[in-house]
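Report on the following structure.
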Amino acid sequence: DAKTTQPPSMDCAEGRAANLPCNHSTISGNEYVYWYRQIHSQGPQYIIHGLKNNETNEMASLIITEDRKSSTLILPHATLRDTAVYYCIVSPGNQGGKLIFGQGTELSVKP
Amino acid sequence: SQTIHQWPATLVQPVGSPLSLECTVEGTSNPNLYWYRQAAGRGLQLLFYSVGIGQISSEVPQNLSASRPQDRQFILSSKKLLLSDSGFYLCAWSAGQGDGYTFGSGTRLTVV
Chain R
1 DAKTTQPPSM DCAEGRAANL PCNHSTISGN EYVYWYRQIH SQGPQYIIHG
51 LKNNETNEMA SLIITEDRKS STLILPHATL RDTAVYYCIV SPGNQGGKLI
101 FGQGTELSVK P
Chain Z
112 SQTIHQWPAT LVQPVGSPLS LECTVEGTSN PNLYWYRQAA GRGLQLLFYS
162 VGIGQISSEV PQNLSASRPQ DRQFILSSKK LLLSDSGFYL CAWSAGQGDG
212 YTFGSGTRLT VV
């Protein structure tokens, strides 16, 4: 079973920031928070991951609360091409760590 | 750089026929390998994963099997396909140690 809870859907206006929340209240100390997205009919695409500290890359920012029980993925300037299902996953990073996908959040970016 | 190849892209097979889907990874050694399935309108379900040659772990009981005959080759098979085996099959790899997964482009299987 997935260990995260995400809203099933969200809308965002093009050009605005998209903030996607995720709850993972049972996360263990050795588990990372991963974010992936899946555009229709394609394989999932890695976005970002983190353990404790906030992370930023060219795609997004990941904000993890101090108690690590929740996180937020931020797409700073959403475009129509960001319309996708976004998955938040927690998993240990060691050898054999598995990604168990939940239902994700379907983000619709509207003009 | 590392690349993952998965084929075929689409496949239509009759019920009761065998199946063999192949996935290969280039540019890395000893990857963790994974097979996922996504039924229409559903989420991704982990089917098998492998941390080394000949080491296969099955996540769910089903009509499928997996093998890893070489370090960077992962094969998904079935002796007799069922209608319920239809779906989008995705192979993925990771280096472990907290790295993310990289997914292949997937095979859309329709069993008729």
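Chain order of the listed sequences is R and Z. The opening position of the first sequence corresponds to residue 1 in our numbering, with each subsequent residue numbered one higher. The opening position of the second sequence corresponds to residue 112 in our numbering, with each subsequent residue numbered one higher. Note that the Cβ used here is the ideal one computed from N, Cα and C, for glycine as well. These numbers come from a predicted model, not from an experiment.
- Residue R/T26 holds the alpha-carbon nearest to the alpha-carbon of R/S71 among R/L80, R/D11 and R/T26.
- With a threshold of 16 other beta carbon atoms within 10 Å, Z/T221 falls short and is exposed.
- For R/L80, the secondary structure class from DSSP, reduced to helix, strand or coil, is helix.
- Interface flag for Z/Y200 against chain R is unset, since no Cβ pair is found closer than 8 Å.
- Distance from the CA of R/Y46 to the CA of Z/P142, rounded to the nearest whole angstrom, comes to 17 Å.
- CA-to-CA, the gap between R/I63 and Z/G207 works out to about 23 Å.
- Counting only runs of 4 or more residues that sit fully inside the region 116-197 of chain Z, no alpha helix (DSSP H) segment turns up.
- By the CB criterion at 8 Å, R/E106 and R/S9 fall inside the cutoff.
- Against chain Z, the CB of R/I100 has a partner CB under 8 Å away; the residue lies at that interface.
- Only buried fits Z/L201, as 16 or more other CB atoms lie within 10 angstroms of its CB.
- Around the beta carbon of R/V33, a 10 Å sphere encloses 16 or more other beta carbons of the protein chains shown; the residue is thus reported as buried.
- Less than 8 Å divides the Cβ of Z/Q184 from the Cβ of Z/E133.
- One Cα belongs to R/C88, the other to Z/Q117, and the distance between them is close to 25 Å.
- By the rule that beta-carbons nearer than 8 Å mark a contact, R/P44 touches chain Z.
- Among the residues of the region 148-169 of chain Z, those with a Cβ less than 7 Å away from any Cβ of chain R are G154, L155, L157, Y160 and V162, in the order of the chain.
- By the neighbour-count definition (other C-beta atoms within 10 Å, threshold 16), R/H49 is a buried residue.
- Interface flag for Z/G127 against chain R is unset, since no Cβ pair is found closer than 8 Å.
- Fewer than three Cβ pairs drawn from the region 166-180 of chain Z and the region 122-129 of chain Z lie within less than 8 Å of each other, which leaves the two stretches out of contact.
- In this model, Z/L193 and R/E66 are separated by some 48 Å (Cα to Cα).
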